[in-house]
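Following the numbering used here, the numbering of the sequence shown begins with 1 at its first residue and continues without gaps. Ideal Cβ positions, reconstructed from N, Cα and C, are used throughout, including at glycine.
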Amino acid sequence: LAKRFVPLSRRRLLRWPAPRETGLGFLALLAILGMFIFYGSGSFLDGLKQEESLHDQVIRQLAELTEAYVNTSEVGLILATTQSEDLTWLLEYCNEHGAETTPFIYTTDPDPDPDLRLLIPRTIRGREAAAYLSFIVDYYDKLPPYSIFIHSNVNQWHNDLFGPLTSTALRNLRLDAVDAKGYVNLRCKHDPGCPTSVHPWSPSQVDIEGNDIRAFFPEVYQAILNVGPEKVPDHIGNVCCGQFAVSRERIRQRPRADYERMLKWAAETDRTDSFGVGWVYEKIWHIIFGMDDIYCPGYEQCRCDVYGWCGPLAGTGKTLQAVRAPSRLSST
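Structure, rendered in structure tokens:
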């Protein structure tokens, strides 16, 4: 006889599974997840390792370019970085320009990986300032004709003419302007920094009460530049921030000992922290490299001199003349 079909009651259909049934279902789900993790983790971890390997490969290739440096290279690109930053853009730029361009990459990590072979600054206080000064001290006797100090990120808000890409700014930079002036900022817009941004002899009451570094600027200025109080200017102004190009001759207008003293101050000062050290140097790089206390070139002329963007100007139709050096400096 056929078994009689007994339909489930509505109440039974809506009833929660028994605890035993729930437990078995949960265990089955865990088993499925475990199999997925076991069989899928290999490719997942391999992907992570591959990504890490590609990053390390970029760093090592850049380090090899540095290690192969001879002072026949025309341009040095100096920057501070952490080991985790992506410098693919820099490697692509250096490969594009061949032996004429050499990267000098200083790590600001407190415990750098020696396998990556990045350059080690003499202090990490001040971050990029420490890297810039360490480069000058380390390579003083074999500087390239042009040293370009830049930030490590591919995009920088400081780059004001061709968009945020530093590589684009570098491709358009006129080395004639570096020859003629000795020092040029890679930024032309005056805000922030111009016409003045620091008033050493007249700090605000807020700065004084807060022990801000601005309240001690005369003391700091004298220590860094080894001058008396009569040499401390009333006002300092310059185009922001910390990206600029300097000729070999201009760097060597100061003895190596000057830059060693600047590094010593960065490492040992108790007037401010690492951020404050970097801030101080951003305010006086132009003075260190021989420019006036207030150095704010006209925007349109700067654009013409530094990047060759000379006109015709909107409104007037005038075309400016870019500065030119009498001849390329060739001394070593």
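**Counted within 10 angstroms of its Cβ, other Cβ atoms place Ser204 as buried (16 or more) or exposed** = exposed
**Prompt:** Quick one: what's Pro103 bridged to in DSSP?
**Reply:** Leu77
**Request:** List in chain order: all unbroken beta strand (DSSP E) runs of 3+ residues lying wholly within the region 253–322.
**Result:** none
**Prompt:** Can you give the Cα-Cα distance for Leu48 and Arg250, rounded to whole angstroms?
**Reply:** With a pLDDT of only 47 at Leu48, under 50, the local geometry of the prediction cannot be trusted, and the value read off the model is given with reservation. The straight-line gap from Cα to Cα measures roughly 46 Å.
**Prompt:** Among all the DSSP beta bridges, which residues are the ones paired with Ala245?
**Reply:** Ile148, Val184
**Asked** When the Cα atoms are used, what is the spatial distance from Arg252 to Val184?
**Response** 16 Å
**Prompt:** Which residues share a DSSP beta bridge with Ile120?
**Reply:** Note: Ile120 sits in no beta bridge, so no partner.
**Prompt:** What span of residues does the alpha helix (DSSP H) with Arg171 cover, start to end?
**Reply:** 166–172
**Message:** Within 8 Å, do at least three Cβ pairs link the region 150–167 to the region 263–270?
**Reply:** no
**Prompt:** Using a Cβ-Cβ cut-off of 6 Å (strictly less than) and excluding sequence neighbours within five positions of Cys310, which residues of its own chain qualify?
**Reply:** Closer than 6 Å at Cβ, skipping near neighbours: Cys304, Thr319, Leu320, Ala322.
**Message:** Output needed for Pro312: all residues of its chain with C-beta closer than 6 Å, excluding positions within five of it in sequence on either side, in chain order.
**Reply:** Thr319
**Asked** Starting from Ala223 and walking both ways along the alpha helix (DSSP H), at which residues does that stretch end?
**Response** 217–225
**Asked** According to DSSP, is Leu13 helix, strand or coil?
**Response** Note on Leu13: pLDDT 38, under 50, position unreliable in the model; the coordinate value appears next. Correct three-state label for Leu13: helix.
**Request:** Determine, using beta carbons only, whether Ile150 and Ile78 come nearer to each other than 9 Å.
**Result:** yes
**Prompt:** Taking just the CA atoms, how far does Thr101 sit from Leu143?
**Reply:** 12 Å
**Asked** Is Val178 helix, strand or coil when you go by DSSP?
**Response** helix
**Asked** When you compare only the Cα positions, how much space is there between Lys283 and Phe217?
**Response** Inter-residue distance for Lys283 and Phe217 is about 11 Å (C-alpha atoms, whole angstroms).
**Request:** Use the C-beta contact count for Val227: other C-beta atoms within 10 angstroms, 16 or more gives buried, fewer gives exposed.
**Result:** exposed
**Asked** Can you tell which of Arg60, Tyr106, Glu67 has the C-alpha that lies nearest to the C-alpha of Ala80?
**Response** Tyr106
**Asked** Pairing CB atoms from the region 126–139 with CB atoms from the region 273–289, are three or more of them under 8 Å?
**Response** yes
**Request:** In the DSSP assignment, find the unbroken alpha helix (DSSP H) run with Ser134 in it and report its ends.
**Result:** 128–139
**Prompt:** When you compare only the Cα positions, how much space is there between Pro297 and Val239?
**Reply:** Those two C-alpha atoms are separated by around 8 Å.
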